[in-house]
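Residue numbers (my numbering), protein chains in the order written: chain E, 1 to 351; chain X, 1001 to 1601; chain Y, 2001 to 2528. Ideal Cβ placement from N, Cα and C applies to all residues, glycine included. Since we're looking at a predicted model, the values are computed, not measured. So the structure is just underneath, and the comments pick up after that.
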Amino acid sequence: MTEIRVKIDNVTYTAPEGVTILEIARANGVEVPTLCYHPKLSIVGACRMCVVEVAGSRGLMTACSTVAVDGMEVNTRTDAVVKSRRNVLELLLSDHPMECLTCEAAGKCSLQKYAYEYSVTGATYQAEPRDHDLDSSNPFYLRDMRMCITCGQCVRVCDEIVGASALGFSERGDRTFVGPAFGHNITDTTCVSCGSCVDFCPTTALTSTHGRNRLRTANIRKVTTTCGYCGVGCQINLLVDRNEILGVEPVEGPANDGFLCVKGKYGFNFVNHPDRLKTPLVRRNGQLVEASWDEALELVARKFSSIIDQHGRQSIMSLSSARCTNEENYLMQKLFRAVIGNNNIDHCARL
Amino acid sequence: MTTVQDLARIKDLQLSQRRGKRVLVGLATCGVAAGAEAIRTELLAAGEKFGLSDFAFDRTGCIGLCAYEPMMEVHRQGEAPYFYVNLTPERVREIVEEDFSGGRKLDQYILGGEPLKSQLRIALRNCGVIDPDSLEDYIAQDGYLALGTVLSTMKRPDIVDVIKRSGLRGRGGGGFPTGLKWEFTAKAPGDHKYVICNADEGDPGAFMDRSILEGDPHAVIEAMAIAAYAVGASEGYIYVRAEYPLAVDRLNRAIAQAEEMGLLGEGIMGSEFSFHLHLKLGSGAFVCGEETALIASIEGQRGMPRPRPPFPASKGLWGKPTLINNVETFANVPTIIRNGADWFAAIGTDKSKGTKVFALGGNINKTGLVEVPMGTRLREVVYDIGGGLPGGKAFKAAQTGGPSGGCIPAAHIDTPIDYDSLLAIGSMMGSGGLIVIDEHACMVDVARFFLEFTVDESCGKCPPCRVGTRRMLQVLERITAGQGTEEDIVKLKDLAEGMKLGSLCGLGQSAPNPVMSTLRYFEDEYYAHVREKRCPAGVCTAITKYWIDPEKCRGCTLCVKVCPVSAITGKVKEIHEIERDACISCGACQEKCPFDAISRR
Amino acid sequence: MTNSIAEVKENDVLFLIGTNTAENHPVIWYQMVRALRKGAKLIVADPRETIPARRADMFLQLRPGTNIALINGIIHVIISEGLYDAAYVEANTTGFVELSRAVAAYTPDYVSQITSVPAELIVSAARTYAAGERAGVYYAMGITQHSTGVDTVQALSNLALIMGNIGKEFSGLNPLRGQSNVQGACDMGALPNVFPGYQSVDNPEIIEKFERAWGVKLSSQRGVRATEVGEAVGKGDIRALYIMGENIMVSDPDVAHVEKALKSLDFLVVQDIFLTETAALADVVLPAACFAEKDGTFTNTERRVQRLVKAVDAPGQARADWEIISELIRRLGHDAPYSGPEDIMREIAALTPQYGGIAYPRISRVGLQWPCPDEDHPGTRYLHSKGIARGKGLVMPVQHAEAQELTDADYPLILTTGRIIYHYHTRSMTGRVEGLHELAPQSFVEISPATAEQFSVEDGETVSVSSRRGTIETTARVTPRIKDGVVFIPFHFAQGNANVLTNVALDPVAQIPELKVAAVRICPATAK
Ligand SMILES: Cc1cc2nc3c(=O)[nH]c(=O)nc-3n(C[C@H](O)[C@H](O)[C@H](O)COP(=O)(O)O)c2cc1C
Ligand code: SF4
Ligand code: SF4
């Protein structure tokens, strides 16, 4: 592979041929702001935040879409660049509802972050917020298009990764908004409720329903673990407040690459379900009644022993579980092979 | 299969069939809209009645004199052709009887002077001359000869070289050197390439491309085939707006004819070269004329521009190298090939070669299409060709380049029209719309008008344009409503700069042009609005108030009677007064007052 | 999977057979979507027009139970057109001659008659697959849950082998596994014939190794298979059953039969997180911790061993399964010297060659793919890179055989079953997530418009569906997306349970029941 040398803000970096200015900058810790860019999505150059000056080029160039060439000289913070970025922020904020106090995204919102960094308040061209109804038709997430900055990340992730293509742009000009075609609610579309759009939204236009008004203030622990559903083995962060799971966010695991399906993203709530078994139960007079661990286990041990005594070691069998851990399956087969003394162990792998 | 020899044969046959007397009826959209179909029906009926078997009654496209439609052009061997204009069925009957049958010209219906004076027709050369539905007619004008020549005698780089040396620049607005574009596309690596003709023509008031497609569709097809051969493409698209049904119809027919004759399709004219051409109908969004949005639209996506680079020449349609040129650009190509690069390069100015077609509109006597050599002065176009302003009103400004362009004030009326001179004075060539503005216009209002268009047409992709145009419009609305402040003018400038710097495509980058150029040349009008809350032209009704001079008022009550909102009070013989809040500034009273007592401020 | 999930997006041809990846393995489907965006070609074989089928370049809508015929037909075209990788076949496989003889009869026309897939589609699918440089085959229960399941996998293996599409990065043969740790459960020897690491229970050396490690005598007699439980209980051979985390009252075929067996046991222990339909029949129910409440490891479908990390405490007195089993071992008089799962993993690594290098510190951030024989081994991204596991790849001809149960005048329709995206297995978890329940609250039966008309069934109406084993009521969903003469019912729901209808006929080798083909009839519930 050919190497190229590119000067960014007067420092020379080497990079492989074919990468963009933004990729070189990010790889070397040069801060270039973006709102619409995501390394896993196609490049659209829409938000205009990543503009930079390239020596010899007319006008500003978007770092996300411009492939660097050998000898290129790039400046990421000239007056024109900063002016242009501030103008973009000023405009985006001009009709953005100023609800940061109660906003779910506060603290992780990109718009808020850049507004802070560039000292932009949105007051210069202050206008009425756009008028959009909240779409709460999906049980897992809300769509508040007043908050949307039309970066299109949700549209692209849904189309390019999830393959559902449930979202698109409607209307033109500043009436442009993101949503299902023909003004439908999201539940009337091909949406598969995977929540990828929510994870990609840089503001609070898309937010998960569960955990609202708690995720920001609660003392959230993030526990990285493996999703408990299918065999793909997606890596997730459980967002935990004390002993309660408030949400799930995808982690870039080797199998899932930062994406989840609806079950992994939103199927966690069974954990707190009141139906959970909380004590051992034993059958007395035909009824299952609560018992202590000691009673229950003692009963099992006694029964197993007497059945072995009466009918031999082959008369007990185990169905292990494709949903239990390796360690548990190992122990279960060890219990049967080494303790009960047979090979009567199987699980429902084939179902 | 058609060969170059076949072309010559068809041409001879066609010319020999053109009998001595020929009448052409203009049947482009402008003609049809004015009732030309009925004229033609009448003409044929009358011809039959008078047994004019020695006359050929043919159809043709638009000759550009749109203000005079419906019209017909009369050719007699050995005589200068002349035009009967503003026809009605009655007049046609009269003309047929008196002139065609009786041999007496009806001078009162004939367009006087030299109708095409100062014009030089290259792109429009066949418009209004041939029957656009007749391939033979086109061939009779040496059509497809250029294609035959390049296929049989020229190497690909030589063709590119001819176009480069001709100095032809894109007529779609950008003015990019066409030969360079062909060269980039030809040199771009890739086994599959495309040629696209941009016939989206979204600039309101422009209709050059439509006229070419309606009047001479084969010229564009032939040029695209030449271009495809030169750059190594085998497939092409004409992206034409769906609002041009006649153009679509004629293109479809022309493509079918060309395919039938082996001038399109596999193995064109017996060569190895194949070229398949498709029509794609655009949905009428202005931004779809922007080349990357147009490509997205052909691909079936929402018509939104993409960042460049990569340019279409390297990554265009379906990611393949793509040559995209405007209709008028293409229409120049066959003639350049036939007459040579030097011939073309000799026309026009140093950096702008050839001619440019303009659609004259606004406050001008002769609206219509004109084609003039680059470098022609604006004054010549407005007065000599366009016949000046109606009612002898004074010229205030001309807007070129449509909503992306800027205005040229009277002080610059002697500017030669070419790409660079226009840019230097803050306007641009654009695609060729030329709107004349008279002394009664308010320039703030003109800017507001153009901005309204861009606000609606912004594709919504990037914030500087999507939100910026709206905010800018809101500022202008404040100013024209008399609520503006001096700070607003600073905001306009800041917004304009932000849009120019930050917008993704030409639409947003050029959207502030009407505002900036009016601010540049008519700043005082802006200040009159914000400082004095006054619209000097009296157009901005919210701040234009009428006022009765007590010295002059005789109490005749005429004004009371005409005021539509009863805002004027006063008894007979007493001094009248206008109630400020009720007045809607329609100006009716002023017009009526016999004593000149009412004035505007 | 012989490949890794991350390789999927690099495929240039994807052949999906018997997998509705978009609903059952959405995250793998995302990778496929990315491959498609880069121009990959997609071939889908399925009786239903699934989401992948809608995006397919070639959609082979076959009659259920005819997978082998279809695959043989594709092989036929590849061989007769000389598209196979002759060099690879020569160097790395045995049995090619037999294969070409065996598939000679499977001409596109003949296969079209069996499968009802148009002959041209079979030809173009064959050419497309053969043209792929990085062609991946993906399959799931739609292949395996047939009485001919193992043969079908062999047929796919033949196909991949003659193209040399095995042991290569980006191309391979990839079963997509359903449950979170089905791979791990097999790896760990939760199977009647093998110890952990697929070490056979009848191999004296292996037995000796485990006897030494565990300090006990071990049985070399193959155990009872899950699919044999009913029969073994019926005969009185099995008296007690200990079920951990499975709800066989919903998931197994011929539910009536299962219920009878469970009820006739002397003693049933069920360990689960909810009181499932199965747990309700137990003598002792042991409350378990769920995935978020315990530490441990899962092994995913690409053989990657990944960590489960405890995030919250289990409710009430519920305990992790490993704790419960450990305690039981102790109460049965044996040692269980484990302070936590990490200790258990150390024991696993010592006894399981493929897991030899797996240790918690190594997988704390990113999991490792087995085989990983020792501490320094980086794991294995794709299998068979150094030749097929058994030396040369065995190409072995297999023949089409009709499903065990055929349609007749009484049961004129074919029932096939599967999953939907909003639910997992028997819904014991997803049914208790309100939003998932809201999005997919109940069972349904998909039926084509023509078939619906034939049986006077209207969209949205309650219908009764019967097989030779039972009858259920469910809601009709009339859709052109399913083949005429075929109906589909998801198997997640206890109400309207597809497995009341399904057949226990087993694959002779893998003992997987034929859940994907049963003969049924349908009528409006009111007409019953
Ligand atoms: C907003 C916008 C609208 C445009 N509309 C048109 C159009 O209607 N027709 C056209 O030929 N070019 C249009 N263009 C210019 C095209 O992007 C492109 O430059 C042109 O088609 C190239 O052809 P040319 O080099 O022959 O001019 C437009 C550009 C912008 C930014
Ligand atoms: S939830 Fe998933 S499928 Fe639904 S719109 Fe968002 S990204 Fe698309
Ligand atoms: S400048 Fe305007 S039209 Fe162009 S991409 Fe941006 S929003 Fe769309």
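CA-to-CA, the gap between residue 1334 of chain X and residue 1402 of chain X works out to about 28 Å. The residues 35, 36, 46, 47 and 202, in chain order, have a CB closer than 7 Å to that of residue 151 of chain E in the same chain once the five nearest residues on each side in sequence are set aside. In this structure, the C-beta of residue 2161 of chain Y stays at least 6 Å away from each heavy atom of ligand 1. A Cβ of chain E is located within less than 7 Å of the beta carbon of residue 2030 of chain Y. With the rule of 3 Cβ pairs closer than 8 Å, the region 1489-1499 of chain X does not count as touching the region 195-212 of chain E. Out of Y/2468, Y/2252 and Y/2327, the CA that lies nearest to the CA of residue 296 of chain E is found in Y/2327. Rounded to the nearest whole angstrom, the C-alpha separation of residue 2075 of chain Y and residue 2059 of chain Y is 17 Å. For the region 2042-2083 of chain Y, the continuous alpha helix (DSSP H) assignments of 4+ residues that do not extend past its boundaries occur at 2051-2055 and 2067-2080, in sequence order. In this structure, residue 1393 of chain X sits near residue 1438 of chain X, with a CB-CB distance shorter than 7 Å. In this structure, Y/2037 is the residue among Y/2014, Y/2028 and Y/2037 with its C-alpha nearest to the C-alpha of residue 1318 of chain X. In the DSSP assignment, residue 2486 of chain Y falls within the unbroken beta strand (DSSP E) covering 2486-2490. Closer than 9 Å at the C-beta level to chain E, one finds these residues of the region 1275-1302 of chain X: 1285, 1287 and 1302. In the structure shown, residue 1242 of chain X falls within a coil segment according to DSSP collapsed to helix, strand and coil.
Note on geometry: alpha-carbon atoms of residue 304 of chain E and residue 2240 of chain Y lie some 8 Å from one another. About 22 Å separates the beta carbon of residue 199 of chain E from that of residue 219 of chain E, a gap too long to meet the 8 Å contact definition.
For the beta strand (DSSP E) assignment, the uninterrupted runs of no fewer than 3 residues enclosed by the region 1161-1226 of chain X are, from N- to C-terminal side, 1194-1199.
For residue 25 of chain E, the nearest beta carbon of chain X is not closer than 7 Å to its own beta carbon. Not a single CB atom of chain E sits nearer than 7 Å to the CB of residue 2471 of chain Y. Cβ-Cβ distances below 6 Å link residue 1288 of chain X to 1200, 1282, 1294, 1297 and 1303 in the same chain, with the five nearest sequence neighbours on each side left out; the list follows chain order. Among the residues facing chain X, residue 88 of chain E is included, as its CB has a counterpart in that chain under 7 Å away.
Our two residues, residue 1390 of chain X and residue 1363 of chain X, have alpha carbons roughly 6 Å apart in a direct line. Within chain Y, 2181, 2244, 2245 and 2321 have C-beta atoms less than 7 Å from the C-beta of residue 324 of chain E, given in sequence order. Residue burial is scored here from C-beta neighbours: residue 2203 of chain Y has fewer than 16 other C-beta atoms within 10 angstroms and is therefore classed as exposed. Here the residues close to ligand 3, judged by CB distance below 5 Å to any of its heavy atoms, are X/1287, X/1305, X/1458, X/1459, X/1461, X/1462, X/1465, X/1466, X/1503, X/1504, X/1505, X/1507 and X/1508 in chain order.
Look at residue 2285 of chain Y here: in three-state DSSP terms it is strand.
Within the chosen limit of 6 Å, ligand 1 does not reach the beta carbon of residue 1513 of chain X with any heavy atom.
Contact annotation: the region 2083-2098 of chain Y does not touch the region 2428-2445 of chain Y, with fewer than three C-beta pairs closer than 8 Å. Excluding the 5 residues flanking it on each side, residue 1160 of chain X has same chain C-beta neighbours closer than 7 Å at 1179, 1182, 1183, 1186 and 1230, in chain order. Note on residue 2253 of chain Y: 16 or more other CB atoms within 10 angstroms of its CB, so buried under the neighbour-count rule.
Near chain Y, meaning a CB-to-CB distance below 8 Å, the residues of the region 233-264 of chain E are 233, 234, 235, 238, 240, 243, 244, 245, 253, 254, 255, 256, 257, 259, 260, 261, 262, 263 and 264. Taking the beta carbon of residue 154 of chain E as reference, no residue of chain Y falls within 7 Å; the closest one sits roughly 15 Å away. Our two residues, residue 2049 of chain Y and residue 2069 of chain Y, have alpha carbons roughly 20 Å apart in a direct line. In this structure, X/1202 is the residue among X/1208, X/1227 and X/1202 with its C-alpha nearest to the C-alpha of residue 1285 of chain X.
Runs of the alpha helix (DSSP H) lying entirely within the region 2125-2162 of chain Y and spanning at least 4 residues, in chain order: 2141-2144 and 2149-2162.
Secondary structure note for residue 2356 of chain Y: it is in no beta strand (DSSP E), with a DSSP letter that is neither H nor E. Not one beta carbon of chain X lies nearer than 7 Å to the beta carbon of residue 275 of chain E.
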